[in-house]
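Asker:
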Amino acid sequence: MTLAPATDDVSDRSPAEGPRASTGALIAWALYDWGNSAHPTLITTFVFAAYFTQAVAADPVAGIAAWGTATSLAALAVALVSPVAGAIADNTGRRKPWLGVATALAVLATAALWFVRPSPDYAVAALVLVAAGTFFFELGMVFYNAMLPTLVPRAMIGRLSGWAWGLGYAGGLAALVCALFGFIKTDAPWFGVGTIEAANVRAVTVLAAAWFAVFALPLFLFTPDSRASGSGMAPASSTRMFFFGARIAAASGAMEGAITTSTKSLAISVAVWASSVRLTATMPPNALSV
């Protein structure tokens, strides 16, 4: 199997023609899911979440509450912006430029978490970066998923989506194994990273960013994009404007649901607390030494 540069436009092919993109292009698309799964696994669920509540926040209870608030606000922002972003992508035709911007910003926000040292002085910066990284991660998924119908016939969408979904879980697990045995559960972390000021734990954020960036790259090189519509970001017709408005209204409804996020935050907080206990139990005694 060879991978050809993504030069083919796939927007004009009919579903009856079969797969619209090569096997290599589809693998490259699915690899994005493998790569971006490092962010929710290492940052928002396990390693960094536990590090924040146990070592950065003033105390674990306050840390859990602040973490839940930050992630809830990021989710609300995604709910409000995603319909707008989706409508713009549908109208302009291209998805990869928007996906590239969202991916780059998510990677940068994740990598910047390296500078969060085990001190309450860094708590606000950590929450801002986590919220920003989560927002751009989820925003990127809007454009990523929007590419799917242009790559395969409708009958194949579920299969390709399922393959990518499974690959994402495997990628997240692989990233977690690398983080635990390469940086956390070892007396000699990779690349000579020490344990002073939790450098070995903070290095996991760089691992997550690099993992995301490296495995996202094949999509931009080998997966074709739709042709630009030439209509810009303005709605092309009154019908499109109607659906655009409907999507905005749906997003506005999400704000009402945000009132109940305190309950969801409690559930998230319990999960973060449980993972922090497990992480602390696996750390060497000096992993969080200052």
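Residue numbers (our numbering): 31 to 320. Beta carbons are placed, not taken as given, at the ideal position from N, Cα and C, and that holds for glycine.
Go ahead and label Thr53 buried or exposed: buried means 16 or more other beta carbons lie within 10 angstroms of its beta carbon, across all protein chains shown.
Answerer: exposed
Asker: May I ask which residues mark the beginning and end of the alpha helix (DSSP H) holding Asp63?
Answerer: 53-66
Asker: Does DSSP put Pro45 in a helix, in a strand, or in coil?
Answerer: Any reading at Pro45 must be qualified, since the residue scores a pLDDT of 44, below 50, and its modelled position is unreliable; no value is offered.
Asker: Which whole-angstrom value describes the C-beta separation of Val86 and Ser149, a residue pair presumed to lie in contact below a C-beta threshold of 8 Å?
Answerer: 7 Å
Asker: Is any non-hydrogen atom of the ligand FMN found closer than 6 Å to the C-beta of Thr133, if you look at the structure I gave you?
Answerer: Within the structure as shown, the ligand FMN is missing, as the structure has no ligands at all.
Asker: What is the DSSP secondary structure of Ser324, reduced to helix, strand or coil?
Answerer: As displayed, the chain neither begins before 31 nor continues past 320, which places residue 324 out of reach and without an answer.
Asker: I need the straight-line Cα distance from Thr99 to Arg50, nearest angstrom please.
Answerer: In a straight line, the C-alpha of Thr99 is about 43 Å away from that of Arg50.
Asker: Return helix, strand or coil for Arg50, following the three-state DSSP convention.
Answerer: coil
Asker: Starting from the C-beta of Ala155, find all residues in its chain whose C-beta is less than 8 Å away, skip the five residues before and the five after it, and write them out in chain order.
Answerer: Phe145, Val146
Asker: Given a threshold of 16 other Cβ atoms within 10 Å of its Cβ, counted over all protein chains shown, does Ile226 qualify as buried or as exposed?
Answerer: exposed
Asker: So, for Thr133: in the same chain, excluding its five sequence neighbours on each side, which residues have a beta-carbon less than 6 Å away from its beta-carbon?
Answerer: Gly170, Ala246
Asker: Can Phe166 and Leu135 be called in contact, C-beta distance under 7 Å?
Answerer: yes
Asker: Looking at Phe221 and His69, is the spacing between their C-beta atoms short of 7 Å?
Answerer: no
Asker: With H, G and I counted as helix, E and B as strand and the rest as coil, what does DSSP make of Gly170?
Answerer: helix
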